[in-house]
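Here's the structure we're looking at; comments come further down.
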Amino acid sequence: MKKRTLAIVLCAGMIMGMTGISACADEVVIPILMTTGTNDSMEISDGKIIEAFNEEYAGVYRIEAEKLAGAAEDYRSKLKMLNSSESLPSILWSIGTEPAFLDLMIENDRLVNLEPYMEADEEWMQNMIPQAIEDFKTEKGTFLVPPSGIQMSGIYYNKELFEQAGISEFPQTWEEFFAACDQLVEAGITPLSLHTTETAWCAMLFTTAYLAQTDAGLEFMQQQFPESYDTPEFREAVEMMVELFRKYTTEDAVGGSYALASNHFFAGDTAMIANGPWMMQSLTDTSYAEEGFEEKVGYAPYPGNAMMGSLEAFAKAVSVDQPQEVIEGAIEYLKFSSRPEYVIEQAITNGSMPVTMEISQEDIDQMIPTMQEYAECAKNVEIIFPSYQNKWDPVAQNDIFGREIPNLVNGSTTLDAFIEMLDAGAAQYREDIE
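The opening position of the sequence shown corresponds to residue 20 in the numbering used here, with each subsequent residue numbered one higher.
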């Protein structure tokens with residue numbers, strides 16, 4: 020099958036040196052804000068890079084990281100509060116996940132235009148994904164750092180539970196997927212970990228993967244802030260999602276959180292959970308799962324050999340709220356983190372697969388088996404669809420999904436009414452930003 024979107028090619032001393040850096044008596048402290056507890060592998064890999072940066076730049080720059088417990092939603096809420104008081108930290112993580120907030124910050128000149136810094140450092144730009152360099156350009160400049168690698172989302176599955184149900188391999192088509200879910204149910208096993216809070220992340224991954232199986236559905240997924248959700252493909256995908264909740268998940272999924280859904284998978288209560296490679300570290304963490312749990316877990320693309328991939332999701336930005344010397348130090352850190360050795364380290368730790376540089380079999384061999392399966396999926400994926408969190412308006416995600424998906428499942432809201440609410444929310448959002 021022909022790849023229909025972004026093609027992923029897995030293909031001694033400081034890069035910059037100290038040229039252009041003004042050494043001073045005191046280190047320049049670079050404050051950053053990171054999430055902790057919900058994205059273990061990202062925290063670990065970023066922590067290693069920060070430690071290496073602080074060691075190499077000792078006496079000149081020092082990263083000081085404040086760690087915020089909670090979900091990505093909590094992180095962005097904190098950023099919005101700090102933005103309103105013009106007290107943002109220097110480096111901002113994952114603001115591309117909420118394009119409305121990003122657009123507002125760009126419009127209000129709250130972010131540093133990184134384009135001049137990028138153009139002045141050809142070696143830095145060579146480590147960036149070329150498509151991201153183009154995609155991140157705006158009329159005012161470039162405000163997101165193009166990443167060097169991309170993380171994609173598929174399905175974790177419990178091989179032991181599959182074997183108990185008599186399923187020998189992960190289903191390749193949606194028809195086979197639903198048949199496998201029925202087979203798991205017949206064996207007394209709950210197929211899926213789902214939830215409805217926090218933009219219904221796990222459920223919406225299945226829903227958008229189903230939506231992206233057709234050209235029309237994939238075209239819908241590519242739209243930025245759709246004016247209407249009333250398409251045959253979207254309706255069919257939502258109907259499918261409702262069936263997942265009604266037939267194939269835990270009793271507490273409706274109204275439940277991501278943490279609850281993931282705990283069910285780690286406890287062996289469910290056979291599958293949709294998520295990206297950032298969850299890998301939790302497989303070997305005995306505070307999440309029993310020792311050896313990772314040996315039971317496989318990784319697969321969504322049926323139809325599709326995966327979710329977003330260039331914006333983990334892109335970083337630099338705020339204007341810090342002194343110029345801090346801004347310069349933040350940019351040095353961003354360059355530092357794009358060095359090949361750290362890009363490969365992030366691929367091994369959190370599955371951010373490099374695009375502009377080679378990852379060797381020796382590097383892949385350092386990964387846990389589940390991550391190796393993920394890398395193979397990423398290498399051979401045929402359909403890559405964007406994250407709905409980067410494409411759909413915040414009214415739909417933060418208000419309507421959490422409130423109305425439970426009503427859809429219990430039948431107190433019709434599909435027509437759900438679509439009408441989404442379209443009204445989209446219209447309200449367009450009015451608010453115009």
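Ideal Cβ placement from N, Cα and C applies to all residues, glycine included.
- Assignment of beta-bridge partners to residue 211 by DSSP yields 268, 291.
- Residue pairing for residue 321: DSSP places it in a beta bridge opposite 325.
- Shown here for residue 382: same chain residues with a beta carbon closer than 8 Å to its own, the five before and five after excluded, namely 363, 366, 367 in chain order.
- Counting C-beta pairs closer than 8 Å gives fewer than three between the segment 416-429 and the segment 382-402, which falls short of the contact rule.
- Within the same chain, Cβ atoms closer than 6 Å to the Cβ of residue 371 are found at 168, 170, 365, the five residues on either side in sequence being excluded.
- Only buried fits residue 281, as 16 or more other CB atoms lie within 10 angstroms of its CB.
- By the CB criterion at 8 Å, residue 110 and residue 266 fall outside the cutoff.
- Secondary structure note for residue 422: it is in no beta strand (DSSP E), and the uninterrupted alpha helix (DSSP H) holding it is 421-429.
- Closest in alpha carbon position to residue 245, among 446, 452, 321, is 446.
- Pairwise C-beta distances place the segment 185-195 out of contact with the segment 135-148, as fewer than three of them are shorter than 8 Å.
- Fully contained in the segment 71-128 are the following alpha helix (DSSP H) runs of length 4 or more, in chain order: 91-103, 118-126.
- Only buried fits residue 308, as 16 or more other CB atoms lie within 10 angstroms of its CB.
- In the DSSP assignment, residue 173 falls within the unbroken beta strand (DSSP E) covering 171-177.
- Just so you know, the alpha carbons of residue 216 and residue 195 end up roughly 28 Å apart.
- The C-beta separation of residue 293 from residue 224 comes to about 4 Å, placing the pair in contact by the 8 Å criterion.
- At a cut-off of 4 residues, the continuous stretches assigned as alpha helix (DSSP H) that sit fully inside the segment 341-421 are 343-356, 359-369, 380-384, 388-399, 407-410.
- Distance check between residue 376 and each of 391, 360, 369 places 360 closest, using alpha-carbon atoms only.
- It is roughly 14 Å from the alpha-carbon of residue 125 to the alpha-carbon of residue 116.
- According to the DSSP assignment, residue 336 belongs to the beta strand (DSSP E) that extends over 335-337.
- Under the three-state reduction of DSSP output, residue 192 falls in the coil class, being neither helix nor strand.
- When the beta-carbon positions are compared, residue 290 and residue 237 stay at least 8 Å from each other.
- Across the set 410, 71, 452, the C-alpha of 410 shows the shortest separation from the C-alpha of residue 243.
- For residue 316, DSSP records a beta bridge to 177.
- At the C-beta level, residue 87 and residue 54 come within 8 Å of one another.
- Residue 318 and residue 391 have their C-alpha atoms spaced approximately 9 Å apart.
- Taking a C-beta distance under 8 Å as the contact criterion, residue 420 and residue 231 do not qualify as a contact pair.
- Counting along the chain, residue 152 sits inside the alpha helix (DSSP H) bounded by residues 149-154.
- Going by C-alpha positions, residue 47 is about 20 Å away from residue 112.
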